[in-house]
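Take a look at the structure set out below.
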Amino acid sequence: MGFVTARLSATLEHTMIKKTTPLSTAPYKGVRDFYPRDMAIFNHITDTMRSVAEQFGFEEYQTSLLEPTELYLNKTSAEIVNEQTYTFTDRGDRSVTLRPEMTPSVTRLVAGRRRELPLPLKWYSIPNCFRYERPQKGRVREHWQLNCDIFGDTGVRGEIEIILLAHEIMKAFGARDEMFTIKLNNRTILTDTLTRVASDGGYELDENQTRAILRIMDRKEKLSPEEYANAMQEAVGAEIGRTLIDAHTPERVGAIMAELPSLQAFVALQEELHRLGITNIEHSTELVRGFDYYTGLVFEVFDTSGENTRSLFGGGRYDNLMELFGQEPIPAVGFGMGDTALRDFLETHKLLPSYQSRTTLYIATIGETFAGAEYVAQQLRAQDVSVSVNLGTKKLGEQIKQAESLGIEFLIAVGEDELRSGTFTLKHLPSRSERTVTLDDLAEALFSFEEHA
Ligand code: HAM
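Take 3 as the starting number for the sequence shown in the working numbering and just add one per residue.
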């Protein structure tokens, strides 16, 4: 066998092996397939998010899923960058990352047109984000995340509006105040407190040390007391670490905080929210959030049922992220709300609507009436009725079952008689009630059926 023939037959053999090994139908681990019923839930979730964001005057934007890796190397989260990003080298040797979150991207957009954009901006987007996490309840490798952000509002107003919006979205899903709680904290209060605790012990913390401590505090719940102490001591040295842990008692922290000017503004925010009817808020002195870029308010929303222990969503103020692009700061505040934890919450509280097909009418065919049925469908579609025509050859009973399993509410059966007379029996499948209607009246009858049935 010649060289070329041998190579060719090896390739063929390889192809044949590949052909005979069936592929798995499972998606890549942790990413999402949406069968139609899941898609309906997903659409309900994103439609609701979109409509409330727009009620608050937020404008929609979109960016690419791919970003240069360097966008995430500073100021975000060490855990996400080092352990959770999907990063690869493209054919031009550039390092590319699938976005794990939207905040650096939206900041890039604002920085890119800073001079033309009229501040303050209120923007929203519902991107998919990728994080290489261990898939578990509420945590997947691909999630969709509503991002609502305000750029250019220096005061407390942006914070109030962001919390009002977060609260309103929950209400739009049918959630009542007692079903969720909004935990608030403020990074300035946290760092001021840390600085005081350290200075009382005779130490001075620099910016890097403070950031390292906040990162560890953010993971406190995931660590045993011993691991927590070790992590602290490793990050800032044994002595300061020990001092911080020993002195960081609730009583001591409470006493220090009471004297902080940063606490006054934070209390005022809570009072204003109360006045606006947002009462399911609480100050959580341990809330940090994982991203380095937060500079003030941080908040997370929790399910109170005990069923979903992770936070449903969260956000905060990040006034310095423009620095990534060498620009003067623009104050910013916003949040990210994932679709998976929210879906779990809605399921727990029975707040998901039952499935409703977007198709109004199913046209069953009796005999060779497909073309006539499509003609009827065309007339109805021209009047904004969504119609699905039977494509198969099954008996009428089977077609009715098919329509029911698709969740379609109305059905007409089209045989030669119906095509000749132009009169149809309109069935409302859930109630089994019927009406006789002409083709001209069919669309109107569908819209008013339930009132007259
Ligand atoms: P985050 O807390 O990392 O914040 O994510 C926000 C929300 O996205 C989470 O609370 C959760 O609902 C959802 N989420 C995050 N990771 C996953 C995952 N692996 N699986 C399912 N859902 C997930 C941020 O991303 C900030 N950039 C939010 C922000 C916007 N801050 C200011 N503006």
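Each residue gets a CB set at the ideal place from its N, CA and C atoms; glycine is no exception.
- The segment 319-375 is shown to contain whole beta strand (DSSP E) runs of 3 or more residues at 334-340 and 363-367, in chain order.
- Check the Cα spacing between residue 123 and each of 71, 139 and 164: the tightest is with 164.
- For the options 238, 262, 160 and 336, the alpha carbon positioned closest to that of residue 302 is the one of 336.
- A straight-line Cα-Cα distance of about 10 Å links residue 63 and residue 150.
- DSSP places residue 151 outside any alpha helix (DSSP H); the residue lies instead in the beta strand (DSSP E), whose first and last residues are 144-153.
- At a cut-off of 3 residues, the continuous stretches assigned as beta strand (DSSP E) that sit fully inside the segment 20-71 are 68-70.
- The segment 182-196 makes no contact with the segment 150-159, as fewer than three CB pairs between them are under 8 Å.
- Beta-carbon to beta-carbon, residue 233 and residue 247 are separated by about 10 Å, too far to satisfy the 8 Å threshold.
- Relative to residue 47, the option among 121, 361 and 357 whose CA is nearest is 357.
- Within the same chain, 388 come within 7 Å of residue 360 by CB-CB distance, once the 5 residues on both sides are set aside.
- Shown here, residue 230 sits in a helix according to DSSP, grouped into three states.
- Ranked by Cα distance from residue 368, the first of 328, 340 and 417 is 417.
- Boundaries around residue 398 are those of the alpha helix (DSSP H), 398-407, since no beta strand (DSSP E) includes it.
- By the neighbour-count definition (other C-beta atoms within 10 Å, threshold 16), residue 257 is an exposed residue.
- The beta carbon of residue 355 sits closer than 8 Å to the beta carbons of 46 from its chain, once the five residues preceding and following it are set aside; these are given in chain order.
- Counted as a single uninterrupted DSSP element, the beta strand (DSSP E) harbouring residue 435 occupies residues 435-440.
- Residue 414 sits close to residue 428, with the two beta carbons spaced by under 7 Å.
- Judged by DSSP in its simplified three-state form, residue 443 adopts helix.
- Proximity of the segment 83-100 to the segment 67-75 meets the contact definition, three or more beta-carbon pairs being nearer than 8 Å.
- As far as DSSP is concerned, residue 387 takes part in no beta bridge.
- Within its own chain, the residues whose Cβ lies closer than 8 Å to the Cβ of residue 438, once the five positions on either side in sequence are excluded, are 425, 426, 427 and 428, listed in chain order.
- Counting only runs of 3 or more residues that sit fully inside the segment 156-208, the beta strand (DSSP E) segments are 182-188, in chain order.
- Bounds of the beta strand (DSSP E) holding residue 283 are 283-285.
- Counting along the chain, residue 268 sits inside no beta strand (DSSP E); it lies in the alpha helix (DSSP H) bounded by residues 263-277.
- Taking every protein chain shown into account, the CB of residue 268 has 16 or more other CB atoms within 10 angstroms, so this residue is buried.
- Using a Cβ distance threshold of 7 Å, residue 128 and residue 111 do not count as a contacting pair.
- Residue 191 and residue 297 have their C-alpha atoms some 10 Å from each other.
- Secondary structure at residue 294: coil, using DSSP grouped into helix, strand and coil.
- No Cβ-Cβ contact shorter than 7 Å links residue 145 with residue 318.
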